[in-house]
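Peer 1: Take this structure first; my questions come after.
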Amino acid sequence: MKTTNKTLRANMRLARAAWGPLSKIARQGLRELVKKYAFSVALGDIYFIDGAWFVSHAGLLRLARRCRCSGIQVFPVRELCEPAANRWVFKATAFKSPASRGFSGYGDADPTNTSAVLRGAEMRVAETRAVNRALRKAFGIGTSSIEELGRQKSTFEPPNKKSPELSGRNGFSTNQPRLRDKLCLLIRKYELDPTLVKLYAADFCGTEALRDASRDLVEAFISTLAEEAAKDRAALICKLNSYNQLEEVKS
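In this text, residue positions in the sequence shown follow my numbering: the first is 54, and each later residue adds one.
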């Protein structure tokens, strides 16, 4: 996916024409996105919003096609979905080759974290976000996708999302929004499986669901999870996977 200097200069010109003068950091970011992934400003693969680069769903799909991605599997996480409230959570797995174990990502959407123009299409938004996160993980792209932006304000400020991964009847509804948001941020930051985190939380707190635990227990769990993730994410992933194995044994 190497690109020529001519292509890079063309993308730089288009970017300046679209978004004005770019800082040194912004130019370096664009250079990396164009050289490493062959993204194109003209094709709408990338956008510059509030001083940051965002990759589009179309750009990620074109990248997957160029790299001959073997396939993408997408399905709703039914226990976290609330159709009546238009709250959806999807899981997507991207396979870079037929022998690949896959790279998974979760996408969530509800009326609180989608643009007004997409109201009523939350299910499609959640599916798109899941695919984007899976592809970004598969190809090692740290740049967020533009579809992950929530309510589109005139300044394009990213929203303070309330993720349905951690709310709702069967999720992490703790009736403590600030604690829930902290847990959301941890899961997003370290790309943890929300279902497995839910099982770990219930075990840690000794309750059937996290919403039944006391505030002190929830705070203790969040603090423990943050410490474990920062210290050794791989060990934490192994611990979370053990809960998945336990569930399989029970079933």
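Backbone N, C-alpha and C define an ideal beta-carbon position, used for all residues, glycine too.
Shortest alpha-carbon distance to residue 243 belongs to which of 265, 260 and 186?
Peer 2: Walking along the sequence shown from the start, residue 243 turns up at place 190. Checked all of 265, 260 and 186; the closest Cα to residue 243 is 186.
Peer 1: Give the single residue among 90, 91, 109 and 105 whose Cα lies nearest to the Cα of residue 99.
Peer 2: Within the sequence shown, numbered from 1, the residue matching residue 99 stands at position 46. Considering only alpha carbons, the answer is 109.
Peer 1: Look at the Cβ atom of residue 168, then the Cβ atom of residue 123, and state whether they are nearer than 8 Å.
Peer 2: Position 115 of the sequence shown, counted from the start, is the residue given in the question as residue 168. Position 70 of the sequence shown, counted from the start, is the residue given in the question as residue 123. Going by C-beta atoms, residue 168 is not nearer than 8 Å to residue 123.
Peer 1: For residue 200, which residues from the same chain have a beta carbon less than 8 Å from its beta carbon, with the 5 sequence-adjacent residues on both sides left out?
Peer 2: The residue given as residue 200 occupies position 147 in the sequence shown. Hits under 8 Å: 109, 110, 178, 181, 182 and 185.
Peer 1: Under DSSP, the beta strand (DSSP E) around residue 127 begins and ends at which residues?
Peer 2: Here residue 127 refers to the residue found at position 74 of the sequence shown. 124-129 is the span of the beta strand (DSSP E), which, as asked, contains residue 127.
Peer 1: What does residue 142 pair with, by DSSP beta-bridge criteria?
Peer 2: On the sequence shown, position 89 is the one that residue 142 refers to. DSSP lists 161 as partners of residue 142.
Peer 1: I'd like to know if the segment 68-82 and the segment 155-169 are in contact, where contact means that at least 3 CB-CB pairs between them fall below 8 Å.
Peer 2: The segment 68-82 vs the segment 155-169: no contact.
Peer 1: Reducing DSSP to helix, strand and coil, say where residue 92 ends up.
Peer 2: Start at 1 with the first residue of the sequence shown, and residue 92 comes out as number 39. In this structure, residue 92 counts as coil in the three-state DSSP scheme.
Peer 1: Under the assumption that residue 90 contacts residue 240 (Cβ atoms under 8 Å), give the Cβ distance between them as a whole number of angstroms.
Peer 2: What you label residue 90 is simply residue 37 of the sequence shown in a count that begins at 1. What you label residue 240 is simply residue 187 of the sequence shown in a count that begins at 1. Not a contact, Cβ separation roughly 26 Å.
Peer 1: Pick from 253, 287, 254 and 188: whose alpha carbon is nearest that of residue 118?
Peer 2: Taking the first residue of the sequence shown as position 1, residue 118 is located at position 65. With distances taken between Cα atoms, residue 118 lies closest to 188.
Peer 1: Between 245, 256, 276 and 253, which has its C-alpha nearest residue 232's C-alpha?
Peer 2: By 1-based counting over the sequence shown, the position of residue 232 is 179. Ranking 245, 256, 276 and 253 by Cα distance to residue 232 puts 276 first.
Peer 1: So the beta strand (DSSP E) residue 105 belongs to, where does it begin and stop?
Peer 2: Position 52 of the sequence shown, counted from the first residue, corresponds to residue 105. From DSSP, the beta strand (DSSP E) with residue 105 extends over 105-108.
Peer 1: Which residues mark the beginning and the end of the beta strand (DSSP E) in which residue 99 is found?
Peer 2: Reading the sequence shown from its first residue, position 46 is the one you call residue 99. Element bounds for residue 99: 99-102.
Peer 1: For residue 139, is the classification buried or exposed, using 16 other Cβ atoms within 10 angstroms of its Cβ as the cut-off for buried?
Peer 2: Residue numbering aside, residue 139 sits at position 86 when the sequence shown is read from its first letter. By the neighbour-count rule (16 or more Cβ atoms within 10 Å), residue 139 is buried.
Peer 1: Could you say which of 78, 176 and 101 lies nearest to residue 68 if we only look at CA atoms?
Peer 2: Here the question's residue 68 lines up with position 15 in the sequence shown. Residue 68 has its Cα closest to that of 101, out of 78, 176 and 101.
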